[in-house]
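Participant: Once you've had a glance at the structure underneath, I'll fire off some questions.
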Amino acid sequence: MTKSKVYFTDFRARGDENLMEKLVRLCKAAGMETIDFKEQFTAIKMHFGEPGNLAFLRPNYAKAIVDYVARLGGKPFLTDCNTLYPGARRNALDHLSAAYENGFSPFSAGCHVIIADGIKGMDHQDVQINGEVVRVARIGRAIMDADVFISLTHFKGHEATGFGGTLKNIGMGSGSHEGKKEMHAAEKPAVDRDACVGCETCLTACAHDAIAMSEGKAFIDTGKCTGCGRCITTCPYGVIQPMDKRSAEIIVKKIAEYTWAVVKDRPCFHISLIMDVSPFCDCYANNDAPIVPDVGMLASFDPVALDQACAELVNQQTPNPNSMLGEVKEHHGDHFHALFAETEWQTGLAHGEKIGLGTRAYELITMR
Ligand code: SF4
Ligand code: SF4
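Residues 54 to 421 (the working numbering) make up the sequence shown, in order.
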């Protein structure tokens with residue numbers, strides 16, 4: 054099998070070069086300039102961070118890529134889609150305010166910020182996939198309108214998928230409300246009412262009014278539930294769990310197929326930064342301590358190889374002692390499973406390989 058090239062550099066700043074310049078040098082070495090950007094609308098897909106979270110990528114890195122694309126003749130814009138969660142990014146107006154608050158404005162990022170699926174998350178383009186788990190992917194329209202697609206990913210842990218990497222950023226992140234509902238559908242949970250202590254913490258987690266109390270215990274109305282999964286991680290007693298035992302497998306496969314829907318048929322390039330590796334997604338309004346030290350910046354044309362390389366680099370790190378991972382006694386060489394035993398990140402990458410999204414075999418090319 055032909056190996057995909059993944060370019061890597063660490064966060065050392067030797068000499069006069071700063072980290073934004075180093076990131077651009079990495080992208081250049083990885084061949085980003087072979088894409089014809091002239092007059093091409095270029096979507097740079099990222100996560101602007103939930104206000105209160107401080108682990109998201111600094112906007113300075115986005116600006117470095119924006120300026121680079123503009124120098125190559127492109128018309129870049131930063132983009133993301135709305136969320137299903139309660140919080141500051143559920144509609145485009147709040148989402149833009151959150152992006153600006155976290156530093157992603159035209160003045161600081163050097164380009165416009167466009168919420169790709171419209172004001173209420175309803176503006177999507179149907180992309181025919183006919184995959185194993187997705188027939189039609191519903192992708193934010195502005196992302197599909199772009200001529201060139203670039204992912205700029207903050208690599209960190211994730212409670213539903215093991216880690217949040219490039220496939221998660223692209224696949225889940227580019228889904229409209231309907232798309233995200235479809236990806237999360239297998240996660241529809243139920244409450245173990247015998248174990249529920251009636252603390253009511255889960256009530257605030259649900260944006261869809263699907264959780265109520267009866268006889269002092271929580272229950273979930275599956276008709277209202279979108280399967281967003283937020284209550285699963287919110288219950289302090291761990292008594293809310295997905296009903297479908299295959300949910301962890303299904304969600305990563307759906308994410309891989311949504312990623313395929315986004316990247317097929319146009320030039321794409323992928324960048325991932327392993328820094329501030331919080332255990333949970335940047336969708337939370339807080340961030341726990343990084344589980345491992347910062348590792349470096351990576352770039353590739355292959356999103357599967359990129360995620361595989363990032364995962365292996367993180368798994369090579371010694372856990373930070375004062376972190377959630379540092380508290381875990383049994384590691385077995387996989388930090389993501391050590392944190393989230395039920396997740397199936399390998400299944401997602403294997404499925405990505407099976408559908409032709411990329412390959413897990415890679416050659417890591419290290420750049421000083
Ligand atoms: S009940 Fe849980 S999974 Fe369902 S929509 Fe509410 S928070 Fe999301
Ligand atoms: S947060 Fe958990 S324990 Fe508390 S009411 Fe909800 S399901 Fe029950």
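All residues carry an ideal CB built from backbone N, CA and C; glycine is no exception.
Would you kindly work out how many angstroms separate the C-alpha atoms of Ala-162 and Asn-368, rounded to a whole number?
Facilitator: 32 Å
Participant: Out of Glu-416, His-177, Tyr-290 and Val-244, state which residue places its alpha-carbon closest to the alpha-carbon of Asp-133.
Facilitator: The candidate whose alpha carbon is nearest that of Asp-133 is His-177.
Participant: If you compare alpha carbons, which of Asn-155, His-100 and Val-119 is closest to Asn-135?
Facilitator: Asn-135 has its Cα closest to that of His-100, out of Asn-155, His-100 and Val-119.
Participant: Write down the C-beta distance between Asp-63 and Gly-349 rounded to the nearest angstrom, noting that I regard them as a contact closer than 8 Å.
Facilitator: 4 Å
Participant: Would you grab the beta carbon distance between Val-244 and Phe-272 for me? Rounded to a whole angstrom, and I think it's under 8 Å.
Facilitator: Taking 8 Å as the upper bound for CB-CB distance, Val-244 and Phe-272 are in contact here, some 6 Å apart.
Participant: First and last residue of the beta strand (DSSP E) that includes Gly-349?
Facilitator: Per DSSP, Gly-349 belongs to the beta strand (DSSP E) from 349-353.
Participant: Relative to ligand 2, is the shortest distance from any of its heavy atoms to the C-beta of Gly-251 smaller than 7 Å?
Facilitator: yes
Participant: Only counting runs of 3 or more residues, tell me where the beta strand (DSSP E) segments fall wholly within the stretch 294-358, in order along the chain.
Facilitator: 321-327 and 349-353
Participant: Cβ-heavy atom distance between Pro-289 and ligand 2 below 7 Å?
Facilitator: yes
Participant: Which residue from Val-381, Glu-395, Ala-238 and Cys-336 puts its Cα closest to that of His-148?
Facilitator: Cys-336
Participant: Could you name the residues of the same chain whose beta carbon sits closer than 8 Å to that of Gly-386, not counting the 5 residues immediately before and after it, in chain order?
Facilitator: Asn-368
Participant: Is Val-367 helix, strand or coil by DSSP?
Facilitator: Three-state DSSP puts Val-367 in a helix.
Participant: Please check the pair Tyr-60 and Ala-352, which I expect to be a contact at CB under 8 Å, by giving their CB distance rounded to whole angstroms.
Facilitator: Sure, about 5 Å apart at Cβ, within 8 Å.
Participant: Going by the C-beta, is Phe-172 closer than 7 Å to any heavy atom of ligand 2?
Facilitator: Here the sequence assigns Ile to residue 172, which means Phe is not the residue at that position. Answer for Ile-172: no, Cβ out of range of ligand 2.
Participant: Helix, strand or coil, according to DSSP, for Glu-416 in the structure here?
Facilitator: strand
Participant: On the CB-based measure, 16 or more other CB atoms within 10 Å of its CB, does Ser-300 come out buried or exposed?
Facilitator: buried
Participant: If you measure from each CB to the nearest heavy atom of ligand 1 and keep those under 6 Å, what residues do you get, in chain order?
Facilitator: Pro-242, Ala-258, Cys-259, His-261, Ala-263, Ile-264, Ile-273, Cys-278, Thr-279, Gly-280, Cys-281, Gly-282, Arg-283 and Cys-284
Participant: Ignore the nearest five residues each way along the sequence and tell me which others in His-323's own chain have a CB closer than 6 Å to its CB.
Facilitator: Ser-204, Thr-219, Ser-353, Pro-356 and Leu-359
Participant: Is it the case that the stretch 362-377 contacts the stretch 300-316, given that we only count it when at least three CB pairs across the two stretches are under 8 Å?
Facilitator: no
Participant: Identify every run of the beta strand (DSSP E) within the stretch 203-272, keeping only runs that are complete inside it and at least 3 residues long; order them along the chain.
Facilitator: 209-211, 215-217, 242-244 and 264-267
Participant: The alpha helix (DSSP H) with Gln-399 in it runs from where to where?
Facilitator: DSSP places Gln-399 in the uninterrupted alpha helix (DSSP H) bounded by 398-407.
Participant: I'd like the span of the alpha helix (DSSP H) that includes Arg-194, first residue to last.
Facilitator: 194-198
Participant: Check the DSSP bridge columns for Asp-176 and list the partner residues they point to.
Facilitator: DSSP lists no partner for Asp-176.
Participant: Leaving out five residues on either side along the sequence, give the residues of the same chain with a beta carbon under 8 Å from the beta carbon of Met-73.
Facilitator: Asn-113, Tyr-114, Lys-116 and Ala-117
Participant: Thinking C-beta only, is Ala-96 closer than 8 Å to Arg-202?
Facilitator: The amino acid at residue 202 is misidentified as Arg; the sequence shows Phe. In contact: Phe-202 and Ala-96 (Cβ atoms closer than 8 Å).
Participant: For Thr-286, is the beta carbon positioned less than 7 Å from some heavy atom of ligand 3?
Facilitator: Annotation note on ligand 3: not contained in the displayed structure, which lists ligand 1 and ligand 2 as its ligands.
Participant: Quick one: Cα of Cys-321 to Cα of Glu-240, how far?
Facilitator: A straight-line Cα-Cα distance of about 30 Å links Cys-321 and Glu-240.
Participant: Any heavy atom of ligand 2 inside 7 Å of the beta-carbon of Thr-275?
Facilitator: no
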